[in-house]
Each structure stands twice: as C-alpha cells, then as structure tokens.
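Read the structure below first, then the notes.
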Amino acid sequence: VDGTSFSQIPVVDVDVDLIERLINQNLAHHADKTIVNKLEPLKLVFDLAQRKKWCSENPARLVKLEPTKYQGEQAAEENTLEVIKVDHIRSLIRTALDEHEGVDGLAIAFACQAGLRFGEMAALKWKHIDFDRSRVHVNLAMRKQRGRMVAADIPKKTKKGDNSKARRVVFLLPSLVNDLKQWYLKTAYSGADDYVFCKPDGSHQKSADHWRVQVLHKICGKVDGLAQLRFHDLRHVFASLCLMQLGKDLVRVSDLLGHQTVEITRSKYGHWIDDPDRDRSDAEKLEAALWGAP
874 VDGTSFSQIP VVDVDVDLIE RLINQNLAHH ADKTIVNKLE PLKLVFDLAQ RKKWCSENPA
934 RLVKLEPTKY QGEQAAEENT LEVIKVDHIR SLIRTALDEH EGVDGLAIAF ACQAGLRFGE
994 MAALKWKHID FDRSRVHVNL AMRKQRGRMV AADIPKKTKK GDNSKARRVV FLLPSLVNDL
1054 KQWYLKTAYS GADDYVFCKP DGSHQKSADH WRVQVLHKIC GKVDGLAQLR FHDLRHVFAS
1114 LCLMQLGKDL VRVSDLLGHQ TVEITRSKYG HWIDDPDRDR SDAEKLEAAL WGAP
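The structure is reproduced here in structure tokens:
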C-alpha cells in the first residue's frame, strides 16, 4: 500500500478503508466467493489481535462486500452449461483411473458417476456406502465453521421446514462399486468412520484444489475435445449421464443431484432436453385446437 508492504503496517494502523482498498487493487476481477475466502484468514488474524488488545476492533469483519448482481451478456454466455458427450465422459473416467492411482483417480471417477458435491464427498465415510445394495447415503457434508472445515450432519429439514433434498440416497454403478471395493482393500483407512476420499494421513480433504489442478485439469488436457472443467462441473457430467438415460424425468434427476426443487434442476438443465418429435406433436395439437384437424 503506497509502497509499503501490508505485512509491515502495524496492526493498530490497519482500518477497514485500507483493507477495502487492498481488495479493490488486487482482487477486483475475482469472483465474490474468492474474495470472501481470501478475507477469512485475515479476520482470524485480527480476532487474535483483538484478544491480545493490539487493536480495539477487527477491521476485516467491518468490510462490506457488494455482491455482483449482473454478470453481463458475455459472462452469461460463457457460463451456459452444455451437455457433455458420453465419449468424453467415458474417456474422462478411464483416464482418471488409469493414470491416477489411489484416491485421486477414484475421486474424479466417483464424482462423474454419483454427482456428489465436493463437501459431500469430503465428508463421506465408509459406513455411508452400502455395498450390498450398491448405494451411497449422503448424510454429511463438510462445512466451514470458525475458520476450519468440519463434517456436519445434513439437516433433515430446511430452514423453511421442508424435507431437505440434499440428504439423499444415490445408486452406484456396478463398475464404480468394484472400483470402491478395490480401494477399500488397499487403503490404510477402511474403518466405518474413516473417510473414503481421505488425505494420506487419513484426514479429510479441505478443498477441491488438489483434485482440480493436479488431477482433473491434467485429464482434461488429454481428452481430445473436452473443455477444461472445474471439480464442481463433474456434477454436470453426472447430470448429462442421467438425462441421456432418464429422458425428461427432471424430478428423478433433481432427487439424485440433491436439488431442493425441480425448478432448480429445470433452470440448469432444462435446455438440454431436445425432443423434436414431442415438439412436432405439440404443434399439431395446438394447430388442431386453433384451426381444426386437417
């Protein structure tokens, strides 16, 4: 700031205006979520400084972030979801399993074929996988609490009192069950309360960064014609598979993805459903109603 490193500024001299100026200078073009994540450690630092009485208030907690309301036409077009071809999905899964042994390749393959969110996968324990019935019970998700990630129970009810659709049961493909069984026999952490996709020390994954940068991006670069994907996009891979086989059953797809309402699913994937025969039939019905049968 003005030629002085932020780390060299005394705690007592840091105020909310200074932090907001830093955000505008260095993070103006980042997503809102990225800015919030970058700000979180600073909040914890000043919490400590406040307890030590090095400052009277926590300026990082006084920062007001204006959420982005409109993305603009170009950004909206770039964020439009497209159906992912089954050949690309097949190559994505095979490359993950063939070239990334252990938990990393399996995590990508699992996300493609089960559609769980990162937080749900990070909290998944062996006791939640029903090998006999080839199903996974999604009961937990990693949540950020007081600056750290903890495995928290997914409430059975939403704040509005509705049944939570995030808490769900998802079928597992037979080939995926076999891959999970192989990992179960290899991993040193196979207890009922151990994490399925744990880190080498048995602890839970704290972010999807490793899987996204070190695994997924490398795989995408090797699959001809496949765009660069984020880890969260693997839910769209699963949605693509479901809509290919389940057709227009958005209610079923919504339940599998854990969307609270089918309208959320419709807004994301409704444009993927292309049925020329239905369109022609509907047009003929309206024609007959308006002008009479030919």
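In my numbering, the protein residues as written are 874 to 1167.
Think of the CB as a built atom: it goes at the ideal place given N, C-alpha and C, for glycine as much as any other residue.
Only a predicted model underlies this, so the values are computations on that prediction, with no experimental measurement involved.
In the displayed model, isoleucine 1027 falls within coil according to three-state DSSP, outside both helix and strand. Within the segment 1064-1139, the complete alpha helix (DSSP H) segments at least 4 residues long are 1090-1095, 1107-1119 and 1123-1130, listed from N- to C-terminus. Under DSSP, valine 1042 takes part in a beta bridge, and its partners are His1010.
Judged by pairs of C-beta atoms under 8 Å, the segment 977-993 touches the segment 1070-1088, as three or more such pairs exist. According to DSSP, aspartate 1003 shares a beta bridge with Arg1008. Check the Cα spacing between glycine 975 and each of Ala1166, Ala1061 and Leu1159: the tightest is with Ala1061.
For histidine 961, the enclosing alpha helix (DSSP H) has its first and last residue at 959-972. CA-to-CA, the gap between lysine 937 and valine 889 works out to about 9 Å. Look at lysine 1017 here: in three-state DSSP terms it is strand.
In the structure shown, the three-state DSSP call for asparagine 1051 is helix. Put simply, of Arg1006, His961, Cys1071 and Asp1003 the residue whose alpha carbon is nearest the alpha carbon of methionine 1015 is Cys1071.
According to DSSP, residue pairing for lysine 998 in a beta bridge involves Tyr1068.
Annotated as proximal: methionine 1022 and lysine 1079, with beta-carbon spacing under 7 Å. Contact check for alanine 1024 against alanine 996 passes: the beta carbons are separated by less than 7 Å.
Residues of the same chain with a CB within less than 7 Å of the CB of proline 1028, apart from the 5 flanking positions on each side, are Ser1037 in chain order.
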